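Data first, discussion second: the structure below is written as structure tokens.
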Amino acid sequence: MYLLSLNYIFQAFLNLLIKVILIPFFLFKVVEKIKLDGEVSMYLNIANSLLFSILIVIFAFCISNKINITGEVFAKIIRNA
Numbered sequence: 002m003y004l005l006s007l008n009y010i011f012q013a014f015l016n017l018l019i020k021v022i023l024i025p026f027f028l029f030k031v032v033e034k035i036k037l038d039g040e041v042s043m044y045l046n047i048a049n050s051l052l053f054s055i056l057i058v059i060f061a062f063c064i065s066n067k068i069n070i071t072g073e074v075f076a077k078i079i080r081n082a
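Counting in the working numbering, the sequence shown runs from 2 upward without gaps.
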């Protein structure tokens, strides 16, 4: 049981390291390299970008409904790992 909790701690540490330190570091490097200004112009206006994001959410919802994975499948994967 102790080993399982160490596994979760390690996963949480990796998650924190990647999301809080590495990704922002690389994004700042990219911004410096391409010399972006403080303001970026919009390619789409607000209405079109909102419509586009709604379509993406609907598409993701339809795709996720077609995937039929229950909790039992995840439990088997965790037990076998």
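The C-beta atom is built at its ideal place from N, Cα and C for all residues, glycine as well. What you are looking at is a predicted structure, and each value in this text was computed from that prediction instead of being measured.
Inter-residue spacing [alpha-carbon to alpha-carbon] between residue i and residue j
i: Ile-59; j: Phe-11; result: 34 angstroms
i: Ile-24; j: Lys-36; result: 18 angstroms
i: Val-31; j: Leu-7; result: 34 angstroms
i: Phe-62; j: Leu-52; result: 15 angstroms
i: Ile-55; j: Asn-49; result: 10 angstroms
i: Glu-73; j: Tyr-44; result: 44 angstroms
i: Phe-27; j: Asn-16; result: 16 angstroms
i: Glu-33; j: Phe-14; result: 28 angstroms
Opening and closing residue of the alpha helix (DSSP H) in which residue i lies
i: Lys-36; result: Lys-36 -> no alpha helix (DSSP H), and no H or E assigned at all.
i: Leu-56; result: 47-67
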